[in-house]
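S.K.: I'd like to ask you about the structure that follows.
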Amino acid sequence: MEEAFLEWRVGADLWAASTAMAMFAAYVALDLARGVSSRHTFTAWRSLIASALALSTGTWAAHFIAVAGEPLPFKLGYDSGLAFGSLLLALVTSVVGVYLSARPDLTGTRVVVAALVLGTGVCAVPALSLMALRLTPAPHWNLLIVAAGWTLACLGSGAALSIVAAQRRSASQLGLGWQAGVALGLGGAVAIGNAAVLLATSVPLLSQSLSVGRTGAATLSALAVLGVPALLALLLMISVLEARFRQLLKRTRDEVKRAAQTDRLTELPNRSMFEESLQVAAIRADRQQHKLALLFINVDGLKAVNESFGQATGDAVLREVARRLRALAGTHDLVARAGGDEFLLMLEGNPTTQDAAHMAERVLGSMNELCRIEDHEISTSCSVGVAVYPEHGTAAKLIAHTAAAMRNAKRTGGGAHCFFEERMVAGARDQVELLQDLRRAIANRELELHYQPKIHAPSGQITGAEALMRWKHPQRGMIGPNVFIPLAERYGLINALGNWLIEDVCRQIRAWRDQGLRMRVALNLSVHQLRQADLAERIVEALARHHIEPSLLTCEITESAAMDDTRVTLQMIEQLSAAGVHLSIDDFGTGYSSLSYLRQLAAEELKIDRSFICDLETSADARAIVDAVVKLAQALGLKVVAEGVETEQQQEILRRLGCNELQGYLFAKPMSASALALWAMNDEGPRALDFRPSLFGDTLPQTIIS
Ligand code: C2E
Ligand code: MG
Ligand code: MG
């Protein structure tokens with residue numbers, strides 16, 4: 002007799018609800034899976050678990066929704082272990098499936114493995130749930146239908162995951178439309194797996210569920226119908242909120258980054274952004290064996306515009322320059338503001354040297370057009386330095402090289418372009434080396450002071466000396482202050498150098514004083530030192546420490562430094578003078594003295610610059626200038642010193658004109674402190690000169706005499 006079987010009574014509404022649940026779960030799982038590839042381990046794991054939880058509970062619930070009605074005409078109960086075991090199984094297969102499919106390198110093999118795991122899971126979950134019914138007599142399984150269902154479920158999952166893989170290869174995020182499509186595929190696979198298992202199960206007519214009295218079917222169906230959707234909704238809400246928050250964070254971060262890389266005035270990229278882009282462009286150029294060209298553009302005369310028309314007009318000129326450069330640049334070129342009045346332009350697309358020169362000329366032409374700003378017509382021009390990558394240097398040095406080329410263009414009069422040449426930075430390299438040596442020299446005390454006597458013009462006697470710095474370089478030999486003082490000023494070493502000078506001069510005055518020589522010494526102060534707030538204090542302290550009368554010290558300040566009439570400089574000069582230190586205006590005649598200012602300055606002495614002295618014999622003009630300076634000094638009650646006296650004739654003229662003191666190679670070159678002391682001691686010096694008796698002061702030279 003043929004065995005009779007019962008039919009599964011699953012209404013269309015339940016099939017539809019079950020399928021919808023599976024698809025919704027897949028959608029939520031996909032949303033949560035976005036975080037699995039995060040670099041933060043915690044986020045990655047949390048997303049993996051949440052995504053797998055969504056997919057597994059959905060798969061599990063899809064089955065229990067389908068059987069939520071009364072699918073069989075007898076009471077059903079479930080073995081709790083097996084029923085929840087099926088949920089655990091769903092969770093395990095989902096973890097594996099999600100993990101594999103969320104990897105950044107979603108290869109074909111991974112798609113296949115993930116699809117097989119998911120396909121197996123969606124069939125195994127309902128099968129295990131049916132086993133949890135413990136139907137007796139046992140149902141028959143139509144393995145053909147199961148295999149067909151499994152195959153379709155695997156194919157559905159595979160198709161869905163292939164979409165994910167394709168999107169990932171194109172490096173784009175899964176859009177909402179695609180996400181819905183993938184969810185249809187995955188959810189469809191779950192529904193097919195479930196339906197196939199139910200259809201493949203033939204329940205004998207006399208079957209009973211032995212699990213009746215354990216977990217009731219109604220409980221599990223309620224969990225599936227109410228609990229799981231609630232959980233999914235919660236997970237989706239968290240995922241959406243998190244995505245929103247992450248988006249907001251990214252946008253804020255992008256904005257901060259953009260602001261940090263943009264010049265506020267011109268809205269062009271700034272130097273740091275340009276440097277980054279240059280690095281990237283250089284890598285690209287290397288790969289394609291292409292060239293890059295870089296233009297460094299300096300707007301000539303912006304300082305004058307600022308001074309004549311005000312800062313706002315200067316800013317407007319810069320904005321106009323930026324606009325013109327932007328208009329000249331091609332779509333692949335990059336314009337940036339390097340700072341101040343400097344702009345950068347990078348040409349990509351394998352430009353030739355001619356292309357770069359052509360662009361430089363276009364930039365020059367464009368800048369030469371008048372700038373109309375409010376009521377003003379401002380004429381602009383610029384200097385352009387050009388370098389080509391890779392032949393003119395590495396990406397790291399290219400900007401510096403274009404800047405050197407630009408400076409060269411400027412030196413030759415501006416309004417022109419100039420290509421980079423190696424010689425343009427050779428000097429700079431030398432300077433960098435010298436600067437390093439100078440730092441070491443200050444620490445290692447390689448610097449020393451030489452002293453050049455000052456002669457009382459009427460009597461021809463030595464009245465004092467000027468301290469002049471020398472650097473005994475271990476390799477380069479003796480280096481003069483004209484080389485290293487400007488370097489020290491430019492790189493912030495002048496104060497360290499100046500402090501050492503003050504200390505050493507005071508120490509030397511004391512040492513001479515102890516030998517009975519009351520030498521007046523002049524030291525040279527740099528304009529940078531005058532801006533040092535505690536300079537006067539330092540000098541006063543050093544004098545006190547060595548017990549020296551302030552009148553023995555003279556500070557020489559160049560005319561240009563003295564006329565740098567910032568309040569600070571003036572104050573400093575007044576403080577020094579108040580402390581009793583003498584002041585001398587050095588290199589007089591080379592700066593632009595204002596007579597009224599000169600009158601206010603608390604100076605005692607003017608030193609006429611050497612350039613006037615060397616022309617004295619040949620030039621009537623030079624004589625007239627020295628004559629005028631002497632008269633001016635006399636009118637202001639100042640002493641006049643002539644420096645750089647080299648010949649007897651010059652000496653004669655200067656005496657006649659009324660100079661008070663003379664200084665120069667004619668009398669003595671700068672010499673070491675001990676040489677000067679020896680000279681004072683036994684009259685053996687470069688020339689037969691007397692030291693003024695007052696120099697031997699109150700204490701007669703014990704040590705000198707002995
Ligand atoms: P300066 O203060 O005007 O010093 C006079 C310079 O002329 C010295 O050069 C001196 O050696 C040189 N000289 C003196 N007589 C003659 C002469 O008859 N013929 C020629 N051709 N030259 C003569 P030096 O020592 O090379 O110093 C150059 C400048 O460096 C100084 O000009 C001064 O401005 C600066 N300097 C020197 N020592 C120091 C220092 O300790 N601190 C600061 N801040 N500057 C210093
Ligand atoms: Mg001097
Ligand atoms: Mg001088």
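Numbering (our numbering), first residue to last: 2 to 707.
All C-beta atoms, glycine included, are put in the ideal place defined by N, C-alpha and C.
In terms of alpha-carbon separation, which member of E378, V126, R446 and R532 lies closest to L502?
M.R.: Nearest C-alpha to L502: R446.
S.K.: Identify the continuous beta strand (DSSP E) that holds K608 and give its terminal residues.
M.R.: That run of the beta strand (DSSP E) goes E606 to I609.
S.K.: Can the beta-carbon of F25 be found closer than 9 Å to that of S130?
M.R.: Not in contact: F25 and S130 (Cβ atoms no closer than 9 Å).
S.K.: For a test of the three-state rule: what should DSSP assign to P702, helix, strand or coil?
M.R.: Residue confidence is low: P702 scores 37 on pLDDT, short of 50, so the model does not pin down where it sits. No coordinate-derived value is stated.
S.K.: Could you check if V433 is buried or exposed, using at least 16 other CB atoms within 10 Å of its CB as the buried criterion?
M.R.: Under this definition V433 is an exposed residue.
S.K.: Assign G217 to one of three DSSP states: helix, strand, or coil.
M.R.: Three-state result, G217: strand.
S.K.: State yes or no: is the C-beta of A294 within less than 9 Å of the C-beta of V183?
M.R.: No, they are not a contact pair.
S.K.: Let's see if you can read the secondary structure: which residues bound the beta strand (DSSP E) around L450?
M.R.: Where L450 is concerned, the enclosing beta strand (DSSP E) stretches over L448 to H457.
S.K.: How would you label W513, buried or exposed, when you count the other beta carbons within 10 angstroms and need 16 or more for buried?
M.R.: Counting Cβ neighbours within 10 Å, W513 comes out buried, since at least 16 surround it.
S.K.: Considering only heavy atoms of ligand 3, does any lie closer than 8 Å to the CB of E662?
M.R.: Because no heavy atom of ligand 3 lies under 8 Å away, the Cβ of E662 does not count as near it: no.
S.K.: Is D588 a contact residue of ligand 1, with contact defined as CB to any heavy atom under 8 Å?
M.R.: Yes, Cβ of D588 sits closer than 8 Å to a heavy atom of ligand 1.
S.K.: Count the other C-beta atoms from every protein chain shown that fall within 10 angstroms of the C-beta of Q355, then say buried if there are 16 or more, exposed otherwise.
M.R.: That one is exposed.
S.K.: Look at the Cβ atom of H418, then the Cβ atom of A358, and state whether they are nearer than 9 Å.
M.R.: Contact flag set, yes.
S.K.: Ends of the alpha helix (DSSP H) at D106?
M.R.: From DSSP, D106 is part of no alpha helix (DSSP H); its letter is neither H nor E.
S.K.: Can you tell me whether D106 is buried or exposed, with buried defined as 16 or more other CB within 10 angstroms of its CB?
M.R.: Exposed is the call here.
S.K.: From the DSSP output, read off the bridge partner residues of I480.
M.R.: Bridge partners of I480: W472.
S.K.: With a cut-off of 8 Å, do at least 3 Cβ pairs link the stretch 190–205 to the stretch 146–157?
M.R.: Contact between the stretch 190–205 and the stretch 146–157 is present, because at least three Cβ pairs lie under 8 Å.
S.K.: Could you tell me how far apart the beta carbons of A125 and G98 are, in whole angstroms, since I believe they sit closer than 8 Å?
M.R.: That pair is no contact at about 13 Å.
S.K.: Quick check for students: name the residue ranges of the alpha helix (DSSP H) that lie wholly in the stretch 519–587, counting only runs of 4 or more.
M.R.: DSSP runs (the alpha helix (DSSP H)) wholly in the stretch 519–587: 528–531, 536–546, 560–564 and 568–579.
S.K.: What are the boundary residues of the beta strand (DSSP E) that includes P205?
M.R.: P205 -> beta strand (DSSP E) spans T202 to P205.
S.K.: Please tell me whether, using a cut-off of 8 Å, the distance from the CB of N525 to the nearest non-hydrogen atom of ligand 2 is below it.
M.R.: Yes; taking the cut-off as 8 Å, the Cβ of N525 has a heavy atom of ligand 2 nearer than that.
S.K.: Between S208, A55 and A17, which has its C-alpha nearest A231's C-alpha?
M.R.: Looking at the Cα atoms, A55 is the closest of the given residues.
S.K.: Going by other Cβ atoms of all chains shown within 10 Å of its Cβ, with 16 needed for buried, is G59 buried or exposed?
M.R.: Answer is buried; the Cβ neighbour count reaches 16.
S.K.: Can you tell me the Cα-Cα spacing of F421 and Y492, whole angstroms?
M.R.: Going from the Cα of F421 to the Cα of Y492 covers about 25 Å.
S.K.: List in chain order: all unbroken beta strand (DSSP E) runs of 3+ residues lying wholly within the stretch 225–311.
M.R.: Complete beta strand (DSSP E) runs here, min 3: 293–301.
S.K.: Locate the alpha helix (DSSP H) running through H41, then write down its first and last residues.
M.R.: No alpha helix (DSSP H) holds H41; DSSP gives it neither H nor E.
S.K.: For M672, which beta-bridge partners are listed by DSSP?
M.R.: DSSP output for M672 lists Y452 as bridge partner(s).
S.K.: Given that a residue counts as buried once 16 or more other Cβ atoms are within 10 Å of its Cβ, and exposed if not, what is N683?
M.R.: N683 should be labelled exposed.
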